[in-house]
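Using full-length UniProt numbering, the first residue of the sequence shown is number 1, and each one after it goes up by one. Worksheet: the structure to be examined is printed underneath.
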Amino acid sequence: SNGGDSNPSSVLALAHAALDLASSSSEQGIPIDHEQINAIVLKAKKRLMMTGDQELRGRKAADAAFWFALAGVRDNGEKDEDSDEKELDFSLFEALTHICLEELTRFGKRSSCRAMDIMHIIERVAAAGITTETFQKLQKEAAVCLESKNKHDIAELDRRGVLKCLRRGEFELHSERSLLWIWRFSAKQRKQKQILTTLEKPLETIDDCKDDDENEEEVNETNGGTNNPTLHRVEIDWNDMFEDPSLPLVIDIGCGMGVSILGLSTLKDRSENDTSNNSPMLNSIDWSGCNYLGADLSRLAINFATRISQRWQINGRTQFIVRSGEETLEEIINTYPGKVQLCMIQFPTPFRFVSDDERSDSEDLFGDETLGNQQLPNNAFNGFMVSSNLLNLALSTLDSDSGRLLLQSNVEDVAVFMKNTACDIGFEPIKCLPSELDNTVHRQNLDLPKRMEKWMSIGGERAQGDIWNTVSVIPPRGKTETEAACLVNGTPIHRCLLKVNRINHRQFK
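Below, the structure is given as structure tokens:
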């Protein structure tokens, strides 16, 4: 497949090839060949020099930008070492954004160009993590084009504040509509269990996959630029990872595409008012004064997040590593010099739903057709990421006074299981603020997932009451792509914030 382009040499086809390469490597559990991806980027730049925007009509340039970003392209002015052509020393993302602007100026006001077409361009450029002045110009042009459309066609965009956001040039990766593109992509990727299975294979060819240089810019699979997935064997050099490793640490275990960490770590760079930045249940955290670490087993996801942090120049205190949750927390316990203020476990891949009397058989009560995902861990005690061992490590990791554990899931029985396991090993749930208890009626208006209905029918413990938050505990900019999809689709989200039970802490530590 060439990404919908019949010419295999086109920029769009090259973007698709780069993403295919990165995806394939990640699925096989092997390091992504950045040298090969950089070679594809150089081909794309040369093609742009030859053809300009002729092959990138409509939203094709936006698609290419998004696919290159998902592939983890550095975009730091790659040059062809065998050529003296300095004209290739330009930003691929900036060039593609400029073409989007030219295209929108050319056809955006035509009746054949729908409001949806305009928004798809904006959303995909934003989802690529592009934040340049050219993108701000593109947004303002999009607002002008949208305002030329039938009022009925843009009424919903206006109601949701999208037009206002575009006029100000403030649409970006963490805008809800951009997060949905990232969610659609990540939902298609292989599940955690498959990646874990791959990582258990012999490590015979790992050393052959090393990059020769630029280790500092590589995705952190371990310390020192190596690509060995047996990550627990090598210590992290925190001084090399963070500019100031003494700062409090915020961790996202199973961070996926990393957007929650990227959002929280850039709060200081935002002009958001106190309300949008507010997180009263976590008011002890100075978001602009923390280090941030995201850990996940998907090289593709970590690659995407790492490149965004590098392009945004926040990698001095925002890092992503390819590691399991246990290995990450063990390393932090043993070597991180600062305190850990927040550990987040958000929307882990759920285990298959089985009732108490059927757990030994690990049979899916829904049946294959209803659940529709044979890649799920068998049950809560076999293959599920959030084990008692993981939570015990989180307990030891967190600061005993100010440390907090955030558990979130869109699956009620999973959320209840995580909460109960955390309480069993020494955590204590924090009660919601009184103002949030008034929102409980909101859940009654949502379409309940079939799994949730089944859980209710067998009398399962409900994620209800004064410890379950109906609104986000962290600032809105910290929401994950999954949370954005849940909010749009009306899927209930179950959130619980916990602290270290100081009375029982010594017993479990």
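C-beta atoms are modelled at their ideal positions from N, C-alpha and C, and glycine is treated no differently.
Integer Cβ distance of Ile-130 from Ala-44, believed to fall under 8 Å: Here Ile-130 is actually not in contact with Ala-44; their C-beta atoms are around 16 Å apart, not less than 8 Å.
Meets three-Cβ-pair contact criterion under 8 Å: the region 118-128 and the region 176-186: Yes, since at least three Cβ pairs between the region 118-128 and the region 176-186 fall closer than 8 Å, the two stretches touch.
For Met-344, the residue or residues it bridges with in DSSP: Answer by DSSP bridge pairing, in chain order: Asp-252 and Leu-406.
The region 477-491 in contact with the region 291-299 per 3-pair CB rule at 8 Å: Segments in contact, no.
For Phe-417, the first and last residue of its enclosing alpha helix (DSSP H): For Phe-417, the enclosing alpha helix (DSSP H) begins and ends at 412-424.
Residue span of the alpha helix (DSSP H) that contains Gly-325, given as start and end: Element bounds for Gly-325: 325-335.
Bridge partners - Ala-295, DSSP secondary structure assignment: As a beta-bridge residue in DSSP terms, Ala-295 pairs with Ile-253 and Ile-321.
Integer Cβ distance of Val-386 from Met-344, believed to fall under 8 Å: In this structure, Val-386 and Met-344 do not form a Cβ contact; the two beta carbons are roughly 12 Å apart against a cut-off of 8 Å.
Three-state secondary structure assigned by DSSP to Phe-427: Phe-427 falls in the strand class under three-state DSSP.
His-494, DSSP secondary structure in three states: His-494 carries a strand assignment under DSSP once its states are collapsed to helix, strand and coil.
Residue range of the alpha helix (DSSP H) that includes Lys-60: Unbroken alpha helix (DSSP H) run through Lys-60: 60-70.
Residue closest to Ile-253, alpha-carbon to alpha-carbon, out of Trp-287, Thr-318 and Gly-325: Checked all of Trp-287, Thr-318 and Gly-325; the closest Cα to Ile-253 is Gly-325.
Close Cβ partners of Glu-87 (< 8 Å) along its chain, the five nearest in sequence each way excluded: Taken in chain order, the residues that qualify are Met-49.
Where Lys-268 sits in the DSSP three-state scheme: Residue state, collapsed to three classes: helix.
Three-state secondary structure assigned by DSSP to Gly-263: Helix.
Segment contact, 8 Å Cβ cut-off, at least three pairs: the region 98-105 with the region 30-47: No contact exists between the region 98-105 and the region 30-47.
Neighbour-count burial assignment, Pro-52, 16 or more Cβ in a 10 Å radius: Contrary to the premise, residue 52 reads as Gly rather than Pro in this sequence. Residue environment: Gly-52 is assigned as exposed (fewer than 16 neighbouring CB atoms within 10 Å of its CB, all protein chains considered).
Straight-line Cα distance separating Leu-497 from Ser-91: Each residue's Cα considered, the two are about 42 Å apart.
Distance between Ile-236 and Thr-335 (C-alpha atoms, nearest Å): Those two C-alpha atoms are separated by around 8 Å.
Three-pair Cβ contact test at 8 Å for the region 450-468 versus the region 416-434: Taking 8 Å as the limit for Cβ pairs, the verdict is that the region 416-434 does touch the region 450-468.
Distance, Phe-242 Cα to Gln-310 Cα: Taking the straight line from one Cα to the other gives about 13 Å.
Classification of Ile-458 by the beta-carbon crowding that lies within 10 angstroms, buried from 16 upward: The residue is exposed, with fewer than 16 neighbouring Cβ atoms inside 10 Å.
Top-ranked residue by Cα proximity to Glu-481, from Pro-280, Gln-54, Gly-256 and Leu-42: Restricting attention to Pro-280, Gln-54, Gly-256 and Leu-42, the CA atom closest to the CA of Glu-481 is found in Gly-256.
Arg-404 classed as buried or exposed, judged by whether at least 16 other C-beta atoms fall within 10 angstroms: The residue in question, Arg-404, is buried, as its Cβ has 16 or more Cβ neighbours within 10 Å.
Length of the line joining the Cα atoms of Ser-112 and Glu-156: Each residue's alpha carbon lies about 20 Å from the other.
Where Asn-469 falls: helix, strand or coil (DSSP): In the structure shown, the three-state DSSP call for Asn-469 is strand.
Close-in-space but distant-in-sequence residues of the same chain around Leu-96 (CB under 6 Å, 5 per side omitted): For Leu-96, where only same-chain residues beyond five positions count, the Cβ hits under 6 Å are Ala-61, Ala-64 and Ala-65.
Gly-383 - DSSP class collapsed to helix/strand/coil: It is a strand residue.
Environment of Ala-115 [buried if 16+ CB atoms lie within 10 Å]: By the neighbour-count criterion, in which a residue is buried when 16 or more other Cβ atoms sit within 10 angstroms of its Cβ, Ala-115 is buried.
Host alpha helix (DSSP H) of Gln-136 (start-end): 133-147 is the extent of the alpha helix (DSSP H) around Gln-136.
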